[in-house]
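Enquirer: Just dropping this structure here.
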Ligand SMILES: Cc1cc2nc3c(=O)[nH]c(=O)nc-3n(C[C@H](O)[C@H](O)[C@H](O)COP(=O)(O)OP(=O)(O)OC[C@H]3O[C@@H](n4cnc5c(N)ncnc54)[C@H](O)[C@@H]3O)c2cc1C
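In the numbering used here, the protein residues as written are 7 to 458.
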């Protein structure tokens, strides 16, 4: 790892500098280093992994925010196979449930759906058909002009929308819920339907040691090929330098590179180039809105229930989901502790976003107690709070017209960011797909130019 101790910042020269050490940045670096190029990843945090970074519980790494893969996440499975880490993947059937009007409902299989009491029998059939009809849409462009709200009502009627979909949209997008594009929802329905076993039960995948273990393996491959991963190095500015080169300024020194790939959220990239990019371009980068997320992670001495993923459809509850991670990965992995995530998406201007871990725990526990009357505060052995300001782009109507191009306004400056993933949504699978694609593309271009 590079270090800088002098007051005059050292300058490091590389072929390609990457801003951000999440899955996009690490996979781009992996491809560039494999292509024989000198690469440096500059990461603001003290850990790699970005939104999929981890902390330690019971001697084991645990994702700050809950993570799983669908079994049809091809880009991630291909990468894992290529790295020879297939034995780290665990695929398990998972229990999905819904909390509605003070009751729990299982919603893992088509059979559960038929028994879903909050809807009339006709509406249950409508709900089942809705998923089938949604999956039949093959061209997402025909949905670009519609909001998810209008499309879901059209497909399943008002009652199904009110009971099942509206609370989920509100939980995930809060004040932006009514703006969300039908394309976003279509894609969710399509993906979830593709991750099922023969009995129709959902099957999800996890990585032993947490998602960060895959990030660490990638980082190690980059280093093995001569690349550099520099942590605690927030990039303050990316500026054009002489002879078509770029300079990246950080508190740990400057990096010069022929090419730059910026992977953070678009408004952060705008700040880094604000001293030279024109106003129209900066406005485009700042146009897409994001919502934040807070996740309270509880280490419990007992399990809350058998459900892994509990969607909270009760509007009087502030969480979008209660995710009991240890109904997916065994509690023994974390020294016998039961791990529960309480997730809330919210604009970062919401006062809840500013609460510290203790205050957020005090705020949350009465809700948990109402949901699980047997629960007692004494079960909480430890708690942690994680916040992500740029957790999810707001995918609105005609989103395709808002996405900035991969190649920036000057040659050699590229953007590969979560908000460009479309019609699919954010997720490590797509970060890996896009990171590898841009890494290969730039390695090819630079190697061809060198040969010529
Ligand atoms: C609550 C939650 C649940 C999720 N669940 C899942 C899931 O189950 N499955 C799944 O696959 N995905 C899930 N995701 C999404 C997944 O985590 C992201 O899609 C993925 O990690 C994005 O990777 P990335 O590299 O594109 O971006 P990021 O992970 O955001 O990486 C960008 C990096 O840039 C760094 N950075 C920012 N500014 C600077 C700067 N100035 N200088 C240097 N570095 C900088 C950041 O620190 C960060 O490390 C979830 C996300 C959240 C928030």
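In this text, a Cβ means the ideal position worked out from N, Cα and C, and glycines have one as well.
Starting from residue 80 and walking both ways along the alpha helix (DSSP H), at which residues does that stretch end?
Expert: The residue labelled residue 80 in the question sits at position 74 within the chain shown. Residue 80 -> alpha helix (DSSP H) spans 80–88.
Enquirer: Cα separation between residue 9 and residue 240?
Expert: Mapped onto the chain shown, residue 9 falls at position 3. Mapped onto the chain shown, residue 240 falls at position 234. Interpretation of residue 9 is limited by its pLDDT of 38, a score under 50 that renders its predicted location unreliable; no figure is taken from the coordinates.
Enquirer: Along the chain, which unbroken stretches of the beta strand (DSSP E) at least 3 residues long are found entirely within the region 31–111?
Expert: 45–48, 60–63, 66–69, 95–99 and 102–106
Enquirer: Can you list, in chain order, the stretches of the alpha helix (DSSP H) that have 4 or more residues and sit fully within the region 264–345?
Expert: 272–278 and 285–293
Enquirer: Thinking C-alpha only, which one of 418, 443 and 297 is nearest residue 455?
Expert: Sequence index remark: in the chain shown, residue 455 carries index 449 (1-based). For residue 455, the nearest C-alpha among the options comes from 418.
Enquirer: Kindly examine ligand 1 and report whether one of its heavy atoms sits closer than 7 Å to the Cβ of residue 72.
Expert: In the chain shown, residue 72 corresponds to position 66, counting from 1. Yes, since a heavy atom of ligand 1 falls inside the 7 Å radius drawn around the Cβ of residue 72.
Enquirer: Cα-Cα, which of 332, 365, 272 and 186 is closest to residue 414?
Expert: Counting from 1 along the chain shown, the entry for residue 414 is found at position 408. With distances taken between Cα atoms, residue 414 lies closest to 272.
Enquirer: Where does residue 209 fall in DSSP's three states?
Expert: Counted from its first residue, the chain shown places residue 209 at position 203. The DSSP-derived three-state label of residue 209 is strand.
Enquirer: Is the region 275–290 touching the region 34–41 in the sense that three or more CB pairs, one from each, lie closer than 8 Å?
Expert: no
Enquirer: Going by alpha carbons, who is nearest to residue 445 out of 114, 45 and 305?
Expert: Here residue 445 is taken as the residue at index 439 of the chain shown, counted from 1. Looking at the Cα atoms, 45 is the closest of the given residues.
Enquirer: Between residue 110 and the rest of its own chain, which residues show a CB-CB distance below 6 Å, the 5 nearest in sequence each way excluded?
Expert: Taking the chain shown and counting its residues from 1, the one referred to as residue 110 is at position 104. Same-chain partners within the cutoff: 103.
Enquirer: Going by Cα to Cα distance, which pick from 187, 357, 371 and 130 is closest to residue 403?
Expert: For the purposes of this step, residue 403 is taken as residue 397 along the chain shown, with counting starting at 1. Looking at the Cα atoms, 187 is the closest of the given residues.
Enquirer: Which two residues bound the contiguous alpha helix (DSSP H) that contains residue 127?
Expert: As a working mapping, residue 127 is identified with position 121 in the chain shown. First-last of the alpha helix (DSSP H) with residue 127: 127–142.
Enquirer: Which class does residue 419 belong to by DSSP, given the choice of helix, strand or coil?
Expert: Along the chain shown, read from residue 1 onward, the residue named residue 419 stands at position 413. The answer is strand: DSSP assigns residue 419 an E or B state.
Enquirer: Helix, strand or coil: which one does DSSP assign to residue 456?
Expert: What you label residue 456 is simply residue 450 of the chain shown in a count that begins at 1. Secondary structure of residue 456 (DSSP, three-state): helix.
Enquirer: The alpha helix (DSSP H) with residue 372 in it runs from where to where?
Expert: Here residue 372 refers to the residue found at position 366 when the chain shown is read from its first residue. Per DSSP, residue 372 belongs to the alpha helix (DSSP H) from 363–377.
Enquirer: Since residue 311 contacts residue 378 with CB under 8 Å, what's their CB separation in whole angstroms?
Expert: On the chain shown, position 305 is the one that residue 311 refers to. On the chain shown, position 372 is the one that residue 378 refers to. That belief holds up - the Cβ atoms of residue 311 and residue 378 are roughly 7 Å apart, short of 8 Å.
Enquirer: Return the Cβ separation of residue 388 and residue 305 in integer angstroms, given the expectation that the two are a contact with Cβ distance under 8 Å.
Expert: On the chain shown, position 382 is the one that residue 388 refers to. On the chain shown, position 299 is the one that residue 305 refers to. A Cβ-Cβ separation of about 4 Å places residue 388 in contact with residue 305 under the 8 Å criterion.
Enquirer: Rounded to whole angstroms, what is the Cα-Cα separation between residue 265 and residue 255?
Expert: Here residue 265 refers to the residue found at position 259 of the chain shown. Here residue 255 refers to the residue found at position 249 of the chain shown. Approximately 14 Å between the Cα atoms of the pair.
Enquirer: What do you get for residue 122, buried or exposed, if any count of 16 or more other CB atoms within 10 angstroms of its CB means buried?
Expert: Translated into positions along the chain shown, residue 122 becomes position 116. Residue 122 should be labelled buried.
Enquirer: Tell me the DSSP secondary structure of residue 426 in three-state form.
Expert: Looking up residue 426 in the chain shown gives position 420. Residue 426 falls in the helix class under three-state DSSP.
Enquirer: Quick check: the region 215–232 against the region 85–97, are there 3 or more CB pairs under 8 Å?
Expert: yes
Enquirer: Here's the rule: buried if 16 or more other CB atoms are within 10 angstroms of the residue's CB, otherwise exposed. What is residue 341?
Expert: Reading the chain shown from its first residue, position 335 is the one you call residue 341. By the 10 Å Cβ count, residue 341 comes out exposed.
Enquirer: DSSP beta-bridge partners for residue 398?
Expert: Counting from 1 along the chain shown, the entry for residue 398 is found at position 392. The partner list for residue 398 (beta bridge, DSSP) reads 297.
Enquirer: Measure from the alpha carbon of residue 344 to the alpha carbon of each residue in 307, 361 and 317, then state which is nearest.
Expert: Here residue 344 refers to the residue found at position 338 of the chain shown. Checking every option, the nearest Cα to that of residue 344 belongs to 307.
Enquirer: For residue 128, count neighbouring C-beta atoms within 10 Å of its own C-beta (all shown protein chains included) and say buried if the count is 16 or more, exposed if not.
Expert: Walking along the chain shown from the start, residue 128 turns up at place 122. It is exposed - the Cβ of residue 128 has fewer than 16 other Cβ atoms within 10 Å.
Enquirer: Report yes if the CB atom of residue 35 is closer than 8 Å to the CB atom of residue 228, and no otherwise.
Expert: In the chain shown, counting from the first residue as 1, residue 35 sits at position 29. In the chain shown, counting from the first residue as 1, residue 228 sits at position 222. Contact flag set, yes.
Enquirer: Spatial neighbours of residue 217 within its chain, please: CB distance less than 6 Å, with the 5 preceding and 5 following residues excluded, ordered by chain position.
Expert: Translated into positions along the chain shown, residue 217 becomes position 211. Here the set comprises 58, 69 and 73.
Enquirer: With DSSP run on the structure shown, which of helix, strand or coil describes residue 380?
Expert: Reading the chain shown from its first residue, position 374 is the one you call residue 380. Under the three-state reduction of DSSP output, residue 380 falls in the coil class, being neither helix nor strand.
Enquirer: Please determine, among 386, 84 and 355, the residue with the shortest C-alpha to C-alpha distance to residue 347.
Expert: Within the chain shown, the letter at position 341 stands for residue 347. Checking every option, the nearest Cα to that of residue 347 belongs to 386.
Enquirer: Who are the near neighbours of residue 428 in its chain, counting only those whose CB is closer than 8 Å to its CB and skipping five residues on each side?
Expert: For this step, residue 428 is matched to residue 422 along the chain shown. Here residue 428 has 189, 401, 405, 406 and 409 as same chain residues with Cβ atoms under 8 Å from its own Cβ, once five neighbours each way along the sequence are excluded.
Enquirer: Beta carbon of residue 368: closer than 7 Å to some heavy atom of ligand 1?
Expert: Looking up residue 368 in the chain shown gives position 362. No; taking the cut-off as 7 Å, the Cβ of residue 368 has no heavy atom of ligand 1 nearer than that.
Enquirer: Looking at the unbroken beta strand (DSSP E) that takes in residue 254, where does it start and where does it end?
Expert: Along the chain shown, read from residue 1 onward, the residue named residue 254 stands at position 248. Unbroken beta strand (DSSP E) run through residue 254: 252–256.
Enquirer: Report the partner residues of residue 235 according to the DSSP bridge assignment.
Expert: To locate residue 235, count along the chain shown from 1; it is residue 229. Beta-bridge pairing links residue 235 to 47.
Enquirer: Does the distance between the C-beta of residue 424 and the nearest non-hydrogen atom of ligand 1 fall short of 7 Å?
Expert: As a first step, residue 424 must be located in the chain shown, where it is residue number 418. Checking every heavy atom of ligand 1 against the Cβ of residue 424, one is found closer than 7 Å.
Enquirer: Is it buried or exposed for residue 13, if we count other Cβ within 10 angstroms and need 16 for buried?
Expert: In the chain shown, counting from the first residue as 1, residue 13 sits at position 7. Residue placement at residue 13 is poorly supported in this model, since its pLDDT is 49, which falls under 50; the coordinates still yield a value, given next. Counting Cβ neighbours within 10 Å, residue 13 comes out exposed, since fewer than 16 surround it.
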